[in-house]
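**Q** Per full-length UniProt numbering, residue 1 is the first one in the sequence shown, and the count goes up by one each step.
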Amino acid sequence: MKISFYFFIFCSYFTSYSQEFFDTDRVENSKQIEELNNFIIQDPSAENYYYRGYNNYLNENYAEALSDYNQAISLTPNDFNVYFSRGNLNIKLKDYESAIADFSKCISLDKNSQKAYFNRAFAERKIYNRTGAIDDYSKSIALKPDNLSAYQNRGLLKKELNLHKEAIADFDKVIAIDPKSIDAFQNRAVSKAMLHSKDALADFDTAVKLAPEKAEGYFNRALYFINFKIKGDYCSDLKKAFNFGYLPAQELLIDYCKI
1 MKISFYFFIF
11 CSYFTSYSQE
21 FFDTDRVENS
31 KQIEELNNFI
41 IQDPSAENYY
51 YRGYNNYLNE
61 NYAEALSDYN
71 QAISLTPNDF
81 NVYFSRGNLN
91 IKLKDYESAI
101 ADFSKCISLD
111 KNSQKAYFNR
121 AFAERKIYNR
131 TGAIDDYSKS
141 IALKPDNLSA
151 YQNRGLLKKE
161 LNLHKEAIAD
171 FDKVIAIDPK
181 SIDAFQNRAV
191 SKAMLHSKDA
201 LADFDTAVKL
211 APEKAEGYFN
221 RALYFINFKI
231 KGDYCSDLKK
241 AFNFGYLPAQ
251 ELLIDYCKI
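1. Confirm, please, whether the CB-CB distance from R125 to L157 is below 8 angstroms.
2. With DSSP run on the structure shown, which of helix, strand or coil describes E251?
3. Measure the beta-carbon distance from Y218 to D237 and round it to whole angstroms, keeping in mind my assumption that it falls under 8 angstroms.
4. Helix, strand or coil for A178, going by three-state DSSP, please let me know.
5. With Y96 as the anchor, note down where its alpha helix (DSSP H) starts and where it stops.
6. Give me the residue from I230, L253, D135, R221 with the minimum Cα distance to F7.
7. Go ahead and label E60 buried or exposed: buried means 16 or more other beta carbons lie within 10 angstroms of its beta carbon, across all protein chains shown.
8. Taking all protein chains shown into account, decide if G245 is buried (16 or more other Cβ within 10 angstroms of its Cβ) or exposed.
9. Using a Cβ-Cβ cutoff of less than 6 angstroms, which residues in the same chain neighbour F185 once the five nearest sequence positions on both sides are dropped?
10. Would M1 be called buried (16 or more neighbouring beta carbons within 10 Å of its own) or exposed?
11. Just the Cα atoms here: how many angstroms apart are K31 and Q42?
12. Looking at N119 and G155, is the spacing between their C-beta atoms short of 8 angstroms?
13. Judging by CA-CA distance, which residue of L210, I230, V174, D170 is the nearest neighbour of D199?
14. Counting only the same chain and skipping the five closest in sequence on each side, list residues whose C-beta sits under 6 angstroms from that of F228.
15. Per DSSP, what kind of secondary structure is L89 in: helix, strand or coil?
16. Measuring alpha carbon to alpha carbon, tell me which residue in Y96, Y151, I134, Q114 is nearest F80.
17. Here's a check: name, in chain order, each residue in its chain whose Cβ is nearer than 8 angstroms to the Cβ of I182, leaving out the five neighbours to either side.
18. Expressed to the nearest angstrom, what Euclidean distance is found between the alpha-carbon atoms of N78 and D146?
19. Cα separation between Y69 and K105?
20. Rounding to the nearest angstrom, what Cα-Cα distance links P248 and I177 in this structure?
21. The alpha helix (DSSP H) spanning L58 covers which residue range?
22. Which full runs of the alpha helix (DSSP H) of 4+ residues lie inside the UniProt repeat "TPR" (114-147), going along the chain?
23. Let me check understanding here. Comparing Cα to Cα, which of L109, K111, D110, F84 lies closest to S98?
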């Protein structure tokens, strides 16, 4: 039995800020760690623990990195950079509550840090505190009005809350900043479709034109035709989505196109 409504693929990039990475490799990082081991024997300073933690983080030695960051914080309890780095590490460890606490400390130390608001929003979204995440993305945007990622992520959260008009406004901002943002056109199209706007098709078309090799664009446009009974060649779109590797398109090809 066919279901009456198929769900769109949502395009997103809930990316967090990361520490500034330098052009190094594991071997070089390991050498840095060895040197810092010796430095710490002579000078167990917060700075040395922080840099060893940073290099351990780069080498994915996360337990050691956490220990080093903790030690650095015990020596300098009001260092923004250490809390920010530990927050990023806690995101990597999926300890989102601890990450939120670290970024909150960053904000208490620097209320104008847009990246701390951005990263806290990322962690809040991971624990499904959507309203808190939206508020923090808004603060990040206030501090950096051209923050494309914050508009995109806030729009996605609003879409999850069925605030489609507000989501569209955010995707409009993304497109104004980056007129070739495939994700923004896809997401705006979905929100427009959910509002039964006839303008949705133009956005689906643009997403396909911008990324003719991506299955998601064809699949979403096909779903728009099917879900809202819009005249269009959804079978062709489903075939392309399937040919580009999106296997769920096969079920719809069988159900709707008798293939």
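Note that beta-carbon positions come from the ideal geometry of N, C-alpha and C, so glycine has one too.
**A** This is what the structure gives:
1. yes
2. helix
3. 4 angstroms
4. A quick correction: the sequence has Asp, not Ala, at residue 178. In this structure, D178 counts as coil in the three-state DSSP scheme.
5. 96-109
6. R221
7. exposed
8. exposed
9. For F185, where only same-chain residues beyond five positions count, the Cβ hits under 6 angstroms are D203, T206, A207.
10. Interpretation of M1 is limited by its pLDDT of 32, a score under 50 that renders its predicted location unreliable; no figure is taken from the coordinates.
11. 17 angstroms
12. no
13. Looking at the Cα atoms, I230 is the closest of the given residues.
14. none
15. helix
16. Measuring from the Cα of F80, the nearest candidate turns out to be Q114.
17. C11, A207, L210, A211, K214, G217
18. Roughly 29 angstroms separates the two Cα atoms.
19. Roughly 14 angstroms separates the two Cα atoms.
20. If you take the alpha carbons of P248 and I177, they lie about 33 angstroms apart.
21. Element bounds for L58: 46-58.
22. Here the runs fully enclosed are 114-126, 130-143.
23. F84
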